[in-house]
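Student: These protein sequences, in sequence, are chains B and U.
FYI, in our numbering the residues of the first sequence are 27 to 335.
FYI, in our numbering the residues of the second sequence are 161 to 405.
Ideal placement from N, C-alpha and C gives every residue a C-beta, glycine not left out.
On a predicted model such as this, the values are computed, not experimentally measured, just so you know.
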Amino acid sequence: MNYASPSVRLAHLHKAYGKTVAVEELSLEILPGEIFGLIGPDGAGKTTVMRIVAALTLPDGGQAEVMGHDVATHPMRVKEHIGYMPQRFSLYPDLTVAENLRFFADLYKVPTAERIVREQRLMQFSRLGPFRKRRAAQLSGGMKQKLALACTLMHTPEVLILDEPTTGVDPLSRQEFWAILRELAASGQALLVSTPYMDEALLCHRVALMHNGRVLTAGQPHDIPAHFKHRLLEIVAGDVPRARKRLLTCGPAGIQVSRFGDRLHVVYGTADQERQIRSCLAEESAEIFTVPPSIEDTFVTLMHEGSSR
Amino acid sequence: MTRAQPEYAVLTRGLTKRFDNFTAVDDVDLAVRPREIFGFLGANGAGKTTTIRVLCGLLVPSAGEAWVDGLPISSSADQVKRRIGYMSQRFSLYMDLTIGENLEFYGGVYGLSAPEITERGTAVAEQLGLSAFRDRLPSDLPPGYRQRLALGCSVLHQPRILFLDEPTGGVDPVARRTFWDLIYDLSEGGATVFVTTHYMDEAEYCGRVSIMDRGRIVALGSPQELKRSHGAVSMQDVFLKVVQP
Numbered sequence: 027m028n029y030a031s032p033s034v035r036l037a038h039l040h041k042a043y044g045k046t047v048a049v050e051e052l053s054l055e056i057l058p059g060e061i062f063g064l065i066g067p068d069g070a071g072k073t074t075v076m077r078i079v080a081a082l083t084l085p086d087g088g089q090a091e092v093m094g095h096d097v098a099t100h101p102m103r104v105k106e107h108i109g110y111m112p113q114r115f116s117l118y119p120d121l122t123v124a125e126n127l128r129f130f131a132d133l134y135k136v137p138t139a140e141r142i143v144r145e146q147r148l149m150q151f152s153r154l155g156p157f158r159k160r161r162a163a164q165l166s167g168g169m170k171q172k173l174a175l176a177c178t179l180m181h182t183p184e185v186l187i188l189d190e191p192t193t194g195v196d197p198l199s200r201q202e203f204w205a206i207l208r209e210l211a212a213s214g215q216a217l218l219v220s221t222p223y224m225d226e227a228l229l230c231h232r233v234a235l236m237h238n239g240r241v242l243t244a245g246q247p248h249d250i251p252a253h254f255k256h257r258l259l260e261i262v263a264g265d266v267p268r269a270r271k272r273l274l275t276c277g278p279a280g281i282q283v284s285r286f287g288d289r290l291h292v293v294y295g296t297a298d299q300e301r302q303i304r305s306c307l308a309e310e311s312a313e314i315f316t317v318p319p320s321i322e323d324t325f326v327t328l329m330h331e332g333s334s335r
Numbered sequence: 161m162t163r164a165q166p167e168y169a170v171l172t173r174g175l176t177k178r179f180d181n182f183t184a185v186d187d188v189d190l191a192v193r194p195r196e197i198f199g200f201l202g203a204n205g206a207g208k209t210t211t212i213r214v215l216c217g218l219l220v221p222s223a224g225e226a227w228v229d230g231l232p233i234s235s236s237a238d239q240v241k242r243r244i245g246y247m248s249q250r251f252s253l254y255m256d257l258t259i260g261e262n263l264e265f266y267g268g269v270y271g272l273s274a275p276e277i278t279e280r281g282t283a284v285a286e287q288l289g290l291s292a293f294r295d296r297l298p299s300d301l302p303p304g305y306r307q308r309l310a311l312g313c314s315v316l317h318q319p320r321i322l323f324l325d326e327p328t329g330g331v332d333p334v335a336r337r338t339f340w341d342l343i344y345d346l347s348e349g350g351a352t353v354f355v356t357t358h359y360m361d362e363a364e365y366c367g368r369v370s371i372m373d374r375g376r377i378v379a380l381g382s383p384q385e386l387k388r389s390h391g392a393v394s395m396q397d398v399f400l401k402v403v404q405p
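1) Let's see if you can read the secondary structure: which residues bound the alpha helix (DSSP H) around U/Phe265?
2) Give the range of the alpha helix (DSSP H) segment to which B/Arg103 is assigned.
3) With H, G and I counted as helix, E and B as strand and the rest as coil, what does DSSP make of U/Val355?
4) Okay, do the stretch 335-353 of chain U and the stretch 311-323 of chain U touch, 3+ Cβ pairs below 8 angstroms being the bar?
5) Looking at chain U, which residues of the stretch 158-174 of chain B have a Cβ within less than 7 angstroms of any of its Cβ atoms?
6) Mind checking if B/Val92 is an interface residue toward chain U, Cβ cutoff 7 angstroms exclusive?
7) What residues from chain B crowd round U/Arg337, counting only those whose CB sits closer than 8 angstroms?
8) Run through chain U and tell me which residues come within less than 7 angstroms of B/Val195, C-beta to C-beta.
9) So if DSSP puts B/Arg56 in a beta bridge, which residue, or which two residues, is it bridged to?
10) Of all the beta strand (DSSP E) runs that stay within the bounds of the stretch 160-210 of chain B, which reach a length of 3 or more residues?
11) Rounded to a whole number of angstroms, what is the C-alpha to C-alpha distance between U/Tyr365 and U/Val185?
12) Straight-line CA distance for B/Gly44 to B/Gly239?
13) Closest Cβ-Cβ distance between U/Tyr305 and chain B: below 7 angstroms?
14) What distance in whole Å lies between the Cβ atoms of B/Val185 and B/Ile65, which are believed to be in contact at a cut-off of 8 angstroms?
15) What do you get for U/His358, buried or exposed, if any count of 16 or more other CB atoms within 10 angstroms of its CB means buried?
16) Which whole-angstrom value describes the C-beta separation of U/His390 and U/Val398, a residue pair presumed to lie in contact below a C-beta threshold of 8 angstroms?
17) Does chain U have any CB closer than 7 angstroms to the CB of B/Met329?
18) Would you please verify whether the beta carbon of U/Leu380 is less than 7 angstroms from any beta carbon of chain B?
19) Compare the Cα-Cα distances from B/Glu313 to each of B/Leu328, B/Thr327, B/Leu259, B/Ile281 and report the closest residue.
20) Looking at C-alpha atoms only, which residue of B/Leu217, B/Gln299, B/Leu235 is the closest neighbour of B/Met224?
21) Does the beta carbon of B/Gly69 come closer than 7 angstroms to any beta carbon on chain U?
22) Looking at C-alpha atoms only, which residue of U/Arg280, U/Asp300, U/Asp373 is the closest neighbour of U/Gly312?
23) Going by the beta-carbon positions, is the gap between B/Thr193 and U/Gly205 smaller than 7 angstroms?
24) Let me know the secondary structure DSSP gives U/Leu171 once reduced to three states.
25) Please compile the residues from chain U whose C-beta is within a distance smaller than 7 angstroms of the C-beta of B/Glu322.
26) Can you pull the chain U residues whose beta carbon is under 9 angstroms from the beta carbon of B/Ser220, in chain order?
27) Based on Cα-Cα distance, which residue from B/Arg158, B/Ser33, B/Arg160, B/Phe129 lies nearest to B/His181?
28) Opposite U/Ala379 in the DSSP bridges: which residues?
29) What are the boundary residues of the beta strand (DSSP E) that includes B/Ala252?
30) Does the beta carbon of B/Leu307 come closer than 7 angstroms to any beta carbon on chain U?
31) Please report the residue range of the alpha helix (DSSP H) in which U/Met360 lies.
32) Are there 16 or more other CB atoms within 10 angstroms of the CB of B/Ala297, so buried, or fewer, so exposed?
33) With DSSP collapsed to three states, give me the class of B/Met236.
34) Taking the beta carbon of U/Met161 as the centre, do at least 16 other beta carbons fall within 10 Å, making it buried, or is it exposed?
35) Grab me the residues of U/Pro327's own chain with a C-beta within less than 7 angstroms of its C-beta, minus the 5 sequence neighbours each way, in chain order.
36) Using only the alpha-carbon positions, how far apart do B/Ser320 and B/Ile142 sit?
Right, here's the structure in full:
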């Protein structure tokens, strides 16, 4: 078996802005061919980690290496190996969709033959074809995001860093975009991606849940729900608002009740609490099921615990 | 013809909006009942925001008609504006005003009297969990709170219909759950909610949804009906089946 050396290696990373600690004791490795997802609330430190990997922000402590180059001592070497799409990507508003793509292809010195193939692929994913001649300033928010993505994907560096690339992008384009990321990974690129979409977390090879600058838990996305230390009930009720109000008055203390359309999810801890929940809803025509937690349920409860600590 | 409670909160017939040669909204028929949470889904560039801007009286339709809270927008745009709340994709808060001042400012914009501004400002801040932050600047708060403030500003005048254009874009799951609790509260309080989103789990939280593609409505129904009729397991699945690649 061939153990590839990691494309990105972060060890005991530390970064503070004044008194605010942005990243604390963070260690992780990303292998070639791997899509690594950073998940966490705003302010968790995801963007700071990405900026450190992109050699744009220096860590206060610890070490960060990209393709064997230290970001602190060899930032220019690092920049030769990475592509970075920040949350606010700058397009040229006066250039059309096609002109923006051509501009970034020039900037990244993409050979002509390759550029034609790639442009076709990117137009297909983004479905910006009909808007080729529209100026970037006149695109909708989601279309601008897709164009920014297409511009970033014009070149294929060894390490690609994408900060919430799909915010505001519709489900069809997101699916096609992730198919492209999979292709890039299969060809050996390492990808560091942040996302607020839990369905996208499932498409990563590994994810880290970040909160307050730390990694709460990391691993393969399907293993994350094993960290859910509670129990979960799903309640389908004829009158969901009434069932919710009832639970908040006669249900046991310390439970979390969330509404999801025609059903409620209740997070609780003990068999005694479950009995109270069931008897509280005895008069509602409610069906009650035990359901397995999703990655989002796990994330939400881990965060609540992280905040109250 | 104004009635106390019209049959439809939003009704459109053949609604069309063209820009030069481009038809952004193409012959759209919608009927949304009072107190519904209506999910208005679609691909980027499908015409969702344009439709909402027409319904809010901000754009004049090229053809067709729309009634909002029973009023035809062609002749009653100003009255419509007073009965609706609108939170846009890029909601505009004043970053150099505090949370409390933002609420006061928007109260003034919506024509509330001084005592109403105080009363509603306090009630809204309380309901949205913003009371403790009234003296802070929006830039000191995480995006989830800014988004709640933007919602607060759009409901100060107790609109009967609320248009929310991608209100939860880029917000983490915890903030999204909190936000949806607020949407349910508003709906239970009597408001009609017309909401766009790219999160297909949120589509499942709506009473009914429509899916728009290239200016046209290509699917309409409750999430359960749509999943059944398209043989789909999720709304994500429905979306991918009805929107043309």
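Tutor: Looking at the atomic coordinates:
1) 259-269
2) 101-107
3) strand
4) yes
5) Along the stretch 158-174 of chain B, going in chain order, the ones with a CB nearer than 7 angstroms to a CB of chain U are Ser166, Gly167, Gly168, Met169, Lys172.
6) no
7) What U/Arg337 touches in chain B: Ser284, Val326.
8) Near B/Val195 (Cβ distances below 7 angstroms), the residues of chain U are Asn204, His358.
9) The sequence as given places Ile at residue 56 of chain B; Arg does not occur at that position. B/Ile56 is bridged to B/Val34.
10) Taking only runs of at least 3 residues, the beta strand (DSSP E) segments lying wholly in the stretch 160-210 of chain B are 185-189.
11) Distance between the alpha carbons of U/Tyr365 and U/Val185: 25 angstroms.
12) 14 angstroms
13) no
14) With 8 angstroms as the limit, B/Ile65 and B/Val185 do not qualify as a contact, their Cβ atoms being about 19 angstroms apart.
15) buried
16) 5 angstroms
17) yes
18) no
19) B/Leu259
20) B/Leu235
21) yes
22) The option with the nearest alpha carbon to U/Gly312 is U/Arg280.
23) no
24) strand
25) Pro333
26) Chain U residues near B/Ser220: none, gap ~10 angstroms exceeds 9 angstroms.
27) B/Phe129
28) U/Ile371
29) Neither: B/Ala252 is in no beta strand (DSSP E) and is coded neither H nor E.
30) no
31) 360-363 is the extent of the alpha helix (DSSP H) around U/Met360.
32) exposed
33) strand
34) Only weak support is given to the placement of U/Met161: the predicted model assigns it a pLDDT of 47, under 50, and the value that follows is read from those uncertain coordinates. U/Met161 should be labelled exposed.
35) Met247, Gln307, Leu311, Phe339, Val355
36) If I take the Cα positions, the gap works out to 41 angstroms.
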